[in-house]
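Accompanying notes for the structure given below.
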Amino acid sequence: MNLLLLLANGLTRLLSWLPLGLLHAAAWPLGRLLYWVPWKKHSVIATNLALCFPELEPAERRRLHRDYLVEQCRLVFEAGAVFHWSKERLHAHIETAGWEAVEEAANAERGVLLVSAHIGNWELLNLYLALHLPLATLYRAPENKALDAFITRPRERFGGRMVPGGSPALRQLLGQLKKHQAVAVAADIQPKRGDGAFVPLFGQSALTMTLVTGLARRTGCAVFFCSALRQPKGRGWRLHFQAAAESIGDPDPANALTPINQWLENAIRQAPAQYLWLYKRFSRQPDGHNPYKAHRY
456 MNLLLLLANG
466 LTRLLSWLPL
476 GLLHAAAWPL
486 GRLLYWVPWK
496 KHSVIATNLA
506 LCFPELEPAE
516 RRRLHRDYLV
526 EQCRLVFEAG
536 AVFHWSKERL
546 HAHIETAGWE
556 AVEEAANAER
566 GVLLVSAHIG
576 NWELLNLYLA
586 LHLPLATLYR
596 APENKALDAF
606 ITRPRERFGG
616 RMVPGGSPAL
626 RQLLGQLKKH
636 QAVAVAADIQ
646 PKRGDGAFVP
656 LFGQSALTMT
666 LVTGLARRTG
676 CAVFFCSALR
686 QPKGRGWRLH
696 FQAAAESIGD
706 PDPANALTPI
716 NQWLENAIRQ
726 APAQYLWLYK
736 RFSRQPDGHN
746 PYKAHRY
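Quick note: the sequence shown, position 255, residue 710 per the numbering used here, numbers continuous.
Below is the structure:
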């Protein structure tokens, strides 16, 4: 494992030296090739696209499937930027929309809860947030300590703090917000039953975490949805920030969680190929049915 991580670190350094436009262009043939490589995740991707875009013809979903693999290759190639780019180089490749409202909330000494999802480059989004806010980010820590250190080091290189999920995490996140600091949470991870509620996403029942709404209700913090979408031709990323509706703190889970999935669906429709379609987002259903089957369309 240590040797593999050493090689991976060397690869990220090499990627950091290459122009972003070149990397994005190189991802196109590689992504197209991956479409034809036997891989069990193809069926997961195909199932997700069929569930979320039933209005598309099968040929259109196959095209989106191929485009998604290209975007995933671009995400991997962007690891050089995440691991090694300087603050100045990152800023030169980033545009923002709605950031002023986040700054205003932070300057008003309110806790700020930033709700993201696995769309575009969420790692780069986290770096930008850590550059501008005292930030704690919730994450799922791998069991391997060397791997955990490898992925945590670049995430924390601008001062952000990673908080592994588990029982102590809620206390740390609450403390962060009560100190009028910032917390980042990816809200599209499917929780365990009991830690979420079913609300619609693309017309499907999606078990959605109640952590975000609980934090908002208990702290009165400002809540913003955010994403970092990849721009064409290697121009970088455009970060979008949108204030959440006040209903996100509603004690009724349906009222509180619906705005999260509405925002997520709208964000995905802006750049559908940039979402993480290989994740089994709908594997837990109210009736116990698992829609993921071993087939490729």
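Built from N, CA and C at the ideal position, the CB exists for glycine as well.
Bear in mind the structure is a predicted one, so any value in this text is a computation, not a measurement.
Tell me the rounded alpha-carbon separation between residue i and residue j.
i, j, result
"Leu733", "Ile500", "5 Å"
"Thr592", "Ala639", "5 Å"
"Phe538", "His479", "17 Å"
"Pro746", "Arg516", "17 Å"
"Leu625", "Ala652", "18 Å"
"Asn599", "Leu459", "13 Å"
"Lys496", "Val667", "29 Å"
"Leu477", "Leu461", "24 Å"
"Arg521", "Gly465", "28 Å"
"Trp554", "Pro727", "23 Å"
"Leu684", "Leu731", "13 Å"
"Trp472", "Trp491", "30 Å"
Is residue i near the ligand PLP, going by C-beta to nearest heavy atom under 7 Å?
i, result
"Arg648", "Although the ligand PLP was asked about, the structure shown includes no ligands whatsoever."
According to the neighbour-count rule (16 or more other Cβ atoms, all chains shown, within 10 Å of its Cβ), is residue i buried or exposed?
i, result
"His573", "buried"
"Trp540", "buried"
"Ala709", "exposed"
"Ser622", "exposed"
"Pro484", "exposed"
"Pro714", "buried"
"Asn562", "exposed"
"Val567", "buried"
"Ala556", "exposed"
"Leu582", "buried"
"Leu470", "buried"
"Arg648", "exposed"
"Gly704", "buried"
With the cut-off set at 8 Å, would you say residue i and residue j are in Cβ contact?
i, j, result
"Thr467", "Ala534", "yes"
"Asn576", "Leu530", "yes"
"Leu506", "Gln659", "yes"
"Gln725", "Glu526", "no"
"Ser511", "Gly486", "The sequence given here places Leu at residue 511; Ser does not occur at that position. Their beta carbons are not under 8 Å apart, which means Leu511 does not touch Gly486 by this criterion."
"Ser682", "Ala722", "yes"
"Leu545", "Ala536", "yes"
"Asn457", "Ala637", "no"
"Ser498", "Lys748", "yes"
Taking residue i as the reference, give the member of the options with the closest Cα.
i, options, result
"Cys528", "Leu488, Arg673, Val567", "Leu488"
"Ser738", "Leu670, Ile644, Thr665", "Ile644"
"Ala677", "Gly669, Leu684, Ala552", "Gly669"
"Glu611", "Leu662, Asp522, Leu580, Glu510", "Leu580"
"Lys633", "Pro741, Arg672, Ala463, Gly620", "Arg672"
"Met617", "Gly649, Pro589, Ala642", "Pro589"
"Asp742", "Leu662, Gly476, Ala637", "Leu662"
"Pro609", "Asp522, Asp707, Glu578, Gly630", "Glu578"
"Pro509", "Phe657, Asp707, Gly704", "Phe657"
Among the residues of its own chain, which have a CB less than 7 Å from the CB of residue i, if the five just before and after it don't count?
i, result
"Phe680", "Val570, Gln697, Ala699, Trp718"
"Ala585", "Phe613, Gly614, Gly615"
"His744", "none"
"Pro619", "Tyr594, Ala596"
"Arg565", "His635, Cys676, Ala677"
"Ser702", "Asn710, Ala711, Pro714"
"Ala482", "Val525, Cys528, Arg529, Phe532"
"Met664", "Ala642, Ile644, Pro646, Asp650, Gly651"
"Gly674", "In the sequence as displayed, the identity of residue 674 is Thr instead of Gly. Hits under 7 Å: Gly566, Leu629, Leu632, Lys633."
Hey, is residue i's beta-carbon within less than 8 Å of any beta-carbon in chain B?
i, result
"Ala722", "Within the model displayed, chain B is absent; a lone protein chain is all it includes."
So, for residue i: in the same chain, excluding its five sequence neighbours on each side, which residues have a beta-carbon less than 8 Å away from its beta-carbon?
i, result
"Lys542", "Leu586, Phe613"
"Tyr752", "Model confidence at Tyr752 stands at a pLDDT of 48, short of 50, so the residue's coordinates are unreliable and nothing is read from them."
"Glu550", "Gln686, Gly691, Trp692, Arg693, Leu694"
"Pro474", "Gly689"
"Ala463", "Phe605"
"Pro655", "Ala661, Thr713, Asn716"
"Glu720", "Leu656, Phe657"
Less than 6 Å between C-beta atoms, sequence neighbours within five positions excluded: which residues of the same chain meet that for residue i?
i, result
"Thr607", "Met617"
"Gln627", "Val618"
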